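Numbering (our numbering), first residue to last: 5 to 418. Every residue gets a Cβ at the ideal spot worked out from N, C-alpha and C, and that includes glycine. Quantities reported herein were computed from a predicted structural model and do not represent experimental measurements.
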Amino acid sequence: MGVSGKSAAVSHVGRIRASNQDSGYVGQHLFVIADGMGGHAGGDVASAIAVKRIIQVDQKYASARDAEFALKSALLAANTELAETAFDHPELTGMGTTVSALIRVGDQMALAHIGDSRIYLLRDGVFEQVSVDHTFVQRLVDSGRITQEEAAVHPRRSVIMRVLGDIDSSPEIDTAILETRPGDRWLICSDGLSSYVSDEKISTILSTFKGTKDATNRLVRESLDQGAPDNVTVAVVDVGTGPESPSSPPTIVGSAALPLTYEADNARRALRLPTLLLHPLKSTMHEDTHFEPESEEYLDELILEDKRRALRRRITWLVGVVLVIAAIMVAAMFAYRWTQTHYYVGANGETVAIFQGVQQDLGPISLHSVYQQTSIKLEDLSPFTRETVEETISAKDLADAEAIIKRLADSING
Ligand code: CA
Numbered sequence: 005m006g007v008s009g010k011s012a013a014v015s016h017v018g019r020i021r022a023s024n025q026d027s028g029y030v031g032q033h034l035f036v037i038a039d040g041m042g043g044h045a046g047g048d049v050a051s052a053i054a055v056k057r058i059i060q061v062d063q064k065y066a067s068a069r070d071a072e073f074a075l076k077s078a079l080l081a082a083n084t085e086l087a088e089t090a091f092d093h094p095e096l097t098g099m100g101t102t103v104s105a106l107i108r109v110g111d112q113m114a115l116a117h118i119g120d121s122r123i124y125l126l127r128d129g130v131f132e133q134v135s136v137d138h139t140f141v142q143r144l145v146d147s148g149r150i151t152q153e154e155a156a157v158h159p160r161r162s163v164i165m166r167v168l169g170d171i172d173s174s175p176e177i178d179t180a181i182l183e184t185r186p187g188d189r190w191l192i193c194s195d196g197l198s199s200y201v202s203d204e205k206i207s208t209i210l211s212t213f214k215g216t217k218d219a220t221n222r223l224v225r226e227s228l229d230q231g232a233p234d235n236v237t238v239a240v241v242d243v244g245t246g247p248e249s250p251s252s253p254p255t256i257v258g259s260a261a262l263p264l265t266y267e268a269d270n271a272r273r274a275l276r277l278p279t280l281l282l283h284p285l286k287s288t289m290h291e292d293t294h295f296e297p298e299s300e301e302y303l304d305e306l307i308l309e310d311k312r313r314a315l316r317r318r319i320t321w322l323v324g325v326v327l328v329i330a331a332i333m334v335a336a337m338f339a340y341r342w343t344q345t346h347y348y349v350g351a352n353g354e355t356v357a358i359f360q361g362v363q364q365d366l367g368p369i370s371l372h373s374v375y376q377q378t379s380i381k382l383e384d385l386s387p388f389t390r391e392t393v394e395e396t397i398s399a400k401d402l403a404d405a406e407a408i409i410k411r412l413a414d415s416i417n418g
């Protein structure tokens, strides 16, 4: 027998959440992550029920086909158990969970997957996502409506279209058989990692940290450094030359590691207020992962709603711009009117005139005009008076301007 591979799993509640709704398991043949949802109650129960059920198929298989079949059956059995539990405990209605699982059979991996947890493979330095997200945004990407980059920041990126739970009695589960070989490093993680740490960063960590335990710890650390708004669960599986990984003791992490205590245990769900207070913004950053039933009508409705929302934003923006322009125009009109209540006396060519408005101009806009031309010639005025007129004489009002003209005329005649 050759050198066996190793595996490790870590689960962390994160910096914001009150409870860990993720569960994970790495055993001899089976490796699985489940990310539960269900709001206040249910998410931790859902992932724990699913993982505890799926653990039962951690055994040696004659072929990868057998393992694939066993995995799929286990996921469907977990689905039934979730529905029955929700039926017996109505407070758990609507709970659901993602499941991403691998069973190694020699040089093959049987895969079963539903939801938005992820399975990645690092082989010869190339890091690739193997599973496909069952999310609303992935559907938009697949249908060419948005790009992968737009999906990463889409407001609905946390909406999942498929999970195990009490909603669908026969959920569509992705299964596959993939080739694997010594040196392969498989990663299974909840979106608490993949939504907050870039693929590049994850790949670098997996390439740098040789031990599976070190790698899982470092990945969770990275998510915590990003604020870890969500529960983070990570499993790393190294494929050795042996047929299985007997050197790693089976490990259960997350809510599946705790006893199922969903019957009226409120103390466990107490809010971690100090943490929440320390992260007042971050707690609102991430919308709770939630499940939406998958149907074409519903999908179309979501897309329509997004379009309507975009249209509403555009209309709001346009109305805002129009209002601002209107306000500026009204203000300008009042300002202009105000200037036109003023008069002054000045030179208009070689004669004296009464001007309406103010002496200053506003860029190309003239704020004054000749109100009344007089027959008083500048050359008839005394040099001092002439200079004063050329520099303009402000008047309190029109009568005052006329009085100034009269004084100028008197100065000539007198
Ligand atoms: Ca999650």
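| said: Considering only DSSP beta bridges, list what M41 is partnered with. | reply: If you number the sequence shown from 1, residue 41 lands on position 37. In DSSP, M41 forms a bridge with G100.
| What distance in whole Å lies between the Cβ atoms of G258 and G28, which are believed to be in contact at a cut-off of 8 Å? | As a working mapping, residue 28 is identified with position 24 in the sequence shown. As a working mapping, residue 258 is identified with position 254 in the sequence shown. Yes, they are in contact, since the Cβ atoms of G28 and G258 sit about 5 Å apart, within 8 Å.
| query | Within this structure, are the beta carbons of T396 and Q344 separated by less than 9 Å? | reply | Locating residue 396 in the sequence shown gives position 392, where the first residue counts as 1. Locating residue 344 in the sequence shown gives position 340, where the first residue counts as 1. The beta carbons of T396 and Q344 sit no closer together than 9 Å.
| query | Beta carbon of D433: closer than 8 Å to some heavy atom of ligand 1? | reply | The requested residue 433 does not occur in the structure, where the chain is confined to residues 5 to 418.
| field | Nearest candidate by alpha-carbon position, reference L264, set N24, S373, A71 | value | Taking the first residue of the sequence shown as 1, we reach residue 264 at position 260. Among N24, S373, A71, the Cα nearest to that of L264 belongs to N24.
| query | In or out: G353 buried (at least 16 other Cβ within 10 Å) or exposed? | reply | Along the sequence shown, read from residue 1 onward, the residue named residue 353 stands at position 349. G353 comes out exposed.
| task | Mind the definition here: the segment 220 to 235 touches the segment 138 to 146 only if three or more C-beta pairs lie below 8 Å; say whether that holds. | result | Contact between the segment 220 to 235 and the segment 138 to 146 is absent, with fewer than three C-beta pairs closer than 8 Å.
| request: Would you decide whether L327 is buried or exposed? Buried here means 16 or more other CB atoms lie within 10 Å of its CB. | output: Counting from 1 along the sequence shown, the entry for residue 327 is found at position 323. Exposed, by the Cβ-count rule.
| said: Taking 9 Å as the threshold (C-beta atoms), are A260 and V17 in contact? | reply: Working through the sequence shown from its first residue, we reach residue 17 at position 13. Working through the sequence shown from its first residue, we reach residue 260 at position 256. In this structure, V17 keeps its C-beta atom at 9 Å or more from the C-beta atom of A260.
| field | Distance cut-off 8 Å: D218 Cβ against heavy atoms of ligand 1 | value | Locating residue 218 in the sequence shown gives position 214, where the first residue counts as 1. Checking the Cβ of D218 against ligand 1 gives no.
| request: Identify, in the order they occur along the chain, each residue of the same chain with its Cβ nearer than 6 Å to the Cβ of A239, setting aside the five sequence neighbours on each side. | output: Here residue 239 corresponds to residue number 235 of the sequence shown, with the count starting at 1. Non-local beta-carbon contacts of A239 in its own chain, meaning distances under 6 Å to residues more than five positions away in sequence, involve A13, G28, V30, F35, I37, I192 in chain order.
| message | Looking at the secondary structure, which residues open and close the beta strand (DSSP E) in which I118 lies? | response | For the purposes of this step, residue 118 is taken as residue 114 along the sequence shown, with counting starting at 1. Unbroken beta strand (DSSP E) run through I118: 112 to 118.
| message | To the nearest angstrom, how far is the alpha carbon of S415 from that of A330? | response | In the sequence shown, counting from the first residue as 1, residue 415 sits at position 411. In the sequence shown, counting from the first residue as 1, residue 330 sits at position 326. Distance between the alpha carbons of S415 and A330: 49 Å.
| Among A351, R411, D170, H158, which has the Cα closest to the Cα of A81? | Within the sequence shown, numbered from 1, the residue matching residue 81 stands at position 77. Of the candidates A351, R411, D170, H158, the one whose C-alpha sits nearest the C-alpha of A81 is D170.
| message | For L34, list the residues DSSP reports as bridge partners. | response | Numbered from 1 along the sequence shown, position 30 holds the residue referred to as residue 34. Bridge partners of L34: I107.
| task | Apply the 10 Å Cβ neighbour rule to P94 and answer buried if 16 or more other Cβ atoms are within range, or exposed otherwise. | result | By one-based count along the sequence shown, residue 94 stands at place 90. In summary, P94 is exposed, with fewer than 16 beta-carbon neighbours lying within 10 Å of its beta-carbon over all protein chains present.
| Collapsed DSSP secondary structure at I59 in the structure displayed | Here residue 59 refers to the residue found at position 55 of the sequence shown. In the structure shown, the three-state DSSP call for I59 is helix.
| task | Check each candidate in L210, G231, H33 and name the one with the smallest Cα separation from R19. | result | Your numbering for residue 19 matches position 15 in the sequence shown. With distances taken between Cα atoms, R19 lies closest to G231.
| said: Pop quiz: A351 and L402 are said to be a contact at Cβ under 8 Å. What is the actual Cβ separation, rounded to whole angstroms? | reply: By one-based count along the sequence shown, residue 351 stands at place 347. By one-based count along the sequence shown, residue 402 stands at place 398. A351 to L402, Cβ: 19 Å. No contact.
| task | Using a threshold of 9 Å, state whether the C-beta atoms of Y65 and I123 are closer than that. | result | Residue 65 sits at position 61 when you count from the first residue of the sequence shown. Residue 123 sits at position 119 when you count from the first residue of the sequence shown. No, the pair does not count as a contact, with Cβ atoms beyond the cut-off.
| request: Determine the DSSP secondary structure at G350, reduced to helix, strand or coil. | output: For the purposes of this step, residue 350 is identified with residue 346 of the sequence shown, where counting begins at 1. When secondary structure is reduced to three states using DSSP, G350 falls in the strand class.
| query | Looking only at DSSP bridge pairs, what is G365 linked to? | reply | Numbered from its first residue, the sequence shown carries residue 365 at position 361. The displayed chain sequence assigns Asp, not Gly, to residue 365. Per DSSP, S370.
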